[in-house]
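Read top to bottom, the protein sequences are chains A and B. Position 64, counted from 1, in the first sequence is what the numbering used here calls 44; the numbers after and before it change by one each time, with no gaps. Position 127, counted from 1, in the second sequence is what the numbering used here calls 107; the numbers after and before it change by one each time, with no gaps.
2 protein chains.
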Amino acid sequence: MLTLFHHPFSPSARFVRLILAEYGAKTELQVERPWERRRDFLLLNPAGTVPVLRENDGPAICGVFAIMEYIDETRGYAVGNRRLMPDHPDARAETRRLVDWAVAKLDQEVVGPFVRERVYKQEMPSSAGGGAPDSAVLRAARTNIHHHMRYFGYLAATRNWLSGDRLSFADFAVAAELSCADYLGEVPWAEEDNVKAWYARIKSRPSFRPLLAEKILGMPPSPTYEDLDF
Amino acid sequence: MLTLFHHPFSPSARFVRLILAEYGAKTELQVERPWERRRDFLLLNPAGTVPVLRENDGPAICGVFAIMEYIDETRGYAVGNRRLMPDHPDARAETRRLVDWAVAKLDQEVVGPFVRERVYKQEMPSSAGGGAPDSAVLRAARTNIHHHMRYFGYLAATRNWLSGDRLSFADFAVAAELSCADYLGEVPWAEEDNVKAWYARIKSRPSFRPLLAEKILGMPPSPTYEDLDF
């Protein structure tokens, strides 16, 4: 049995939920609020961050890079040509580059600030840094997202999926990040038709359904968040 | 032929230089100053960051995660039991967790700020953000390093190498980061004997020699930087 420690609006934990579903791995979800610094959780992951995956009583698998490779190494054989990691070393490198782009660069410059300011700070007590969003931070993220949209637009226009011919981890890493920004109505879809068309294909996969059903108390999703034909 | 685009004081590029040497992969080094945003380099890696590895006329392999796995996938068979990635999925996950800790957490909280404030800002023109170091940033990094030293001390005291019984990518990722801070005299070695003893073992490997010979013009290394018996 797999257990995933996650937060519903952690973009990288969303990425892991998507790929676990794509690999058909039944997983128990346990919500963790990293800012609470729960002692038993810090024993599992001293970095104190989600996502953390655990298989039965095995050791904790911490962070997206470790989890993504672990899922493919332990379950890749069972899904045949639906594996999300390509075979050739060059193609694997391209998939990993784009996952890194999503969970590090896109997250730091755009989605992390949106989620922290607009979601986490509402949930956190003021002693842990909660409070009103910082408008300067939101403004910077709203500027930065255009560069990323242009780059994803270029990839979506020149390739079948973001990292090449085949659906890969890269598509889910980028889609998971964008899904958090989309809930908050922060994705300028009209700017990039190719990104929109690519996201519509990803969003209609069964693995995406649980994410589209997530709700933040008192903060409804943007009008098109659940809409497959947005 | 392999070509590595690097900066001598980029901690993650140092990590790649170490592991290329450990795998016996002859590599041509090309210095890149990421803040110059050189057009041909941005075509190789649109993120504009080092390290980037290229094999002959093949595609660019960008970033430590992609490069580390690529080296092991393409050269692991040739080095036998000197591979730096363990075989078992659990042990691989632990190695990847600690590489992530080094190149993301340790770099963001400690080594990145030291290098940016004390090295890069001396090399950069003021139009690119160069200038005097920000003492508040240095103070924060000097506070943060103690937590990391304690954690590495715990690992070094309970394991033969940082991620387990065998030398792995994790040891080189952490050592590469610490080597940059050590050049600047910013590592409180006296606090953690176990970390010091572990670093002395890593530092005496032939792969480390080129790093110990690096010099910044006008800024000599700390007195013990090159000393194997520090």
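C-beta: ideal position from N, C-alpha, C; glycine also.
Inclusion of A:Y50 and B:P69 in the CB contact set at 8 Å is warranted, their separation being smaller than that value.
Interface criterion met: the Cβ of B:D80 is under 8 Å from a Cβ in chain A. Using a Cβ-Cβ cut-off of 7 Å, B:T(-17) is close to nothing in chain A; its nearest Cβ partner there is about 15 Å away. Residue pairing for A:Q10: DSSP places it in a beta bridge opposite A:F(-15). DSSP places B:V32 in the strand class (E or B) of the three-state scheme. In the structure shown, A:G144 falls within a strand segment according to DSSP collapsed to helix, strand and coil. Taking A:R96 as reference, the option from A:G43, A:P14, A:L78 and A:N174 with the minimal CA-CA separation is A:P14.
Cβ contact annotation for B:W141 (same chain, cutoff 6 Å, sequence separation greater than five): L147 and D151, in chain order.
Contact between B:V91 and B:A161 holds, with the beta-carbon distance rounding to 5 Å and staying under 8 Å.
With respect to A:A1, A:V30 sits apart: the two C-beta atoms are not nearer than 8 Å. Taken through DSSP and simplified to helix, strand or coil, B:M104 comes out as coil. Approximately 5 Å separates the beta-carbon atoms of B:T(-17) and B:E8; this is inside 8 Å, confirming the contact. Interface with chain A (8 Å Cβ-Cβ cutoff): B:R77 is included. Against chain A, the CB of B:A5 has no partner CB under 8 Å away; the residue lies outside that interface. For the pair B:N174 and B:A121, the CB atoms are not nearer than the 8 Å cut-off. Residue environment analysis places A:K85 among the buried positions, since at least 16 neighbouring C-beta atoms fall within 10 angstroms of its C-beta. The shortest C-alpha to C-alpha distance from A:K183 to any of A:E171, A:L164, A:Q102 and A:T204 is the one to A:T204.
In this chain, the beta strand (DSSP E) harbouring B:A40 covers A40 to C42.
In the assembly as shown, B:Y163 is a buried residue. Its beta-carbon has 16 or more other beta-carbons within 10 Å. Using a CB distance cut-off of 8 Å, A:A121 does not count as an interface residue toward chain B. Checking the DSSP bridge columns, you'll see B:M48 has no partner listed. From the beta-carbon of B:Y131, the residues of chain A found nearer than 9 Å are P26.
Below the 9 Å Cβ cutoff, chain B contributes E35, G38, P39, I41 and Y50 as neighbours of A:D70, in chain order.
The DSSP-derived three-state label of A:M199 is strand. Close CB contacts of A:Q10 within its chain, under the 8 Å cut and outside five residues either way in sequence, are with T(-17), L(-16), F(-15) and H(-14) (chain order).
Taking every protein chain shown into account, the CB of A:L23 has fewer than 16 other CB atoms within 10 angstroms, so this residue is exposed. Around the beta carbon of A:E16, fewer than 16 other beta carbons lie within 10 angstroms, which makes this residue exposed.
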